[in-house]
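Peer 1:
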Amino acid sequence: MRVPAARLVPVPPDVEPAVAACLPVAGGTAWQALDLAEVGLRAGSAPRVLIIGASGGVGTFAVQLAALRGAEVWATCRTRNAPLIEHLGATRTLDHRTSPLSELPAEHFDAVIDIAGGMPLRDLQRLVAPGGTVVLVTGDGGHVLGPVPRMIKAAFLSIGSRRIRPLAASPRPEVLAKLLELVAEGRISPVIEREYPFAEASAALAHIEAGHTVGKLVVRGA
Numbered sequence: 001m002r003v004p005a006a007r008l009v010p011v012p013p014d015v016e017p018a019v020a021a022c023l024p025v026a027g028g029t030a031w032q033a034l035d036l037a038e039v040g041l042r043a044g045s046a047p048r049v050l051i052i053g054a055s056g057g058v059g060t061f062a063v064q065l066a067a068l069r070g071a072e073v074w075a076t077c078r079t080r081n082a083p084l085i086e087h088l089g090a091t092r093t094l095d096h097r098t099s100p101l102s103e104l105p106a107e108h109f110d111a112v113i114d115i116a117g118g119m120p121l122r123d124l125q126r127l128v129a130p131g132g133t134v135v136l137v138t139g140d141g142g143h144v145l146g147p148v149p150r151m152i153k154a155a156f157l158s159i160g161s162r163r164i165r166p167l168a169a170s171p172r173p174e175v176l177a178k179l180l181e182l183v184a185e186g187r188i189s190p191v192i193e194r195e196y197p198f199a200e201a202s203a204a205l206a207h208i209e210a211g212h213t214v215g216k217l218v219v220r221g222a
């Protein structure tokens, strides 16, 4: 496999390869989602951010990065994962199975980062205050048109002061370099649930497809 040199970033000597491998996609997506929501980019009081689906690869990075940016982080996850997510920086965790998001007060958040999907756009929009942003990381959609109808609806609903922004994350070497720096400094750390040998890569994919992975899985070469 060949990769354009412009996309490559040196790995600091004190960062393990397995750790570095978790950063480009999951860490980069979390970073770009927070940027799109302008979390930590505006002057003023600490923003209140809701991260929906906080225990996966992107979510565990989003919690840490939002907390580093000075946000008050609320996060949804399974009850059993709440101690981990709180350790990563969440002020409050909720299990939507027992605490539906519809019960949260309206206009309570400056930003909502939706990683899990499955919630109506208007319900997400209700949660953000005027001037706030909902960022859609998930690719919810049907079998034929995929996420396109939802994206069109998001654009329509964004006419006003509560924006909905679908995220199309892209390779950002400058972001990856910053993530590596934060890892080397001990300020963030990927959550690695398990490492698999290359011969068991299919088992790793099956585990991901089951939908209950906490953080990241790493497949090591021979």
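For the sequence shown, the tail end lands on 222 under the UniProt record's numbering, and the numbers increase by one without skipping. Heads up, the beta-carbon is just placed ideally off N, CA and C, and yes, glycines get one too.
Taking the continuous beta strand (DSSP E) assigned at A75, which residues delimit it?
Peer 2: Here the beta strand (DSSP E) through A75 covers E72 to T76.
Peer 1: Rounded to the nearest angstrom, what separates L182 and H96 at their Cα positions?
Peer 2: Approximately 31 Å between the Cα atoms of the pair.
Peer 1: Rounded to the nearest angstrom, what separates E209 and I188 at their Cα positions?
Peer 2: So the two alpha carbons sit approximately 26 Å from each other.
Peer 1: Does the region 99-116 come into contact with the region 44-52, if we say contact requires no fewer than three beta-carbon pairs (one atom in each stretch) closer than 8 Å?
Peer 2: Judged by Cβ distances under 8 Å, the region 99-116 makes contact with the region 44-52, as three or more pairs qualify.
Peer 1: Leaving out five residues on either side along the sequence, give the residues of the same chain with a beta carbon under 7 Å from the beta carbon of L180.
Peer 2: Once the five neighbours on either side are set aside, the close Cβ partners of L180 are V9, V11, P12, V15, A20 and L23.
Peer 1: Could you check whether L167 and V218 sit closer than 9 Å to each other, using their CB atoms as the reference points?
Peer 2: No.
Peer 1: Check for me: the alpha helix (DSSP H) holding P17 runs from which residue to which?
Peer 2: Looking at the DSSP string, the run of the alpha helix (DSSP H) that includes P17 is P17 to A21.
Peer 1: Can you tell me which residues form a DSSP beta bridge with F109?
Peer 2: According to DSSP, which records beta bridges pairwise, F109 is partnered with V128.
Peer 1: Identify whether V175 lies in helix, strand or coil by the three-state DSSP scheme.
Peer 2: Residue state, collapsed to three classes: helix.
Peer 1: Near H207, what residues of its chain come up, given a Cβ to Cβ distance below 7 Å and the 5 sequence neighbours on each side ignored?
Peer 2: So the qualifying residues of the chain are T213 and L217.
Peer 1: Can you name the residues that DSSP bridges to P166?
Peer 2: In DSSP, P166 forms a bridge with L136.
Peer 1: For I164 versus T138, is the C-beta spacing smaller than 9 Å?
Peer 2: No. Outside cutoff.
Peer 1: Secondary structure at P197, three-state DSSP: helix, strand or coil?
Peer 2: Three-state DSSP puts P197 in a strand.
Peer 1: Which residues in the same chain have their Cβ closer than 8 Å to the Cβ of H87, if we skip the five residues on either side of it in sequence?
Peer 2: Hits under 8 Å: none found.
Peer 1: Give every residue of the same chain whose Cβ lies closer than 6 Å to the Cβ of L94, excluding the five residues on either side of it in the sequence, and list them in chain order.
Peer 2: Excluding positions up to five away in sequence, the list reads T76.
Peer 1: Look at the alpha carbon of V175 and the alpha carbon of L121, and state the distance between them as a whole number of angstroms.
Peer 2: Taking the straight line from one Cα to the other gives about 29 Å.
Peer 1: Helix, strand or coil for R122, going by three-state DSSP, please let me know.
Peer 2: Residue state, collapsed to three classes: helix.
Peer 1: Taking the CB atoms as reference points, tell me whether G28 and A71 lie closer together than 9 Å.
Peer 2: Not closer than 9 Å, so no.
Peer 1: Would the beta-carbon of G89 fall within 9 Å of that of L68?
Peer 2: Result yes, Cβ atoms of G89 and L68 sit closer than 9 Å.
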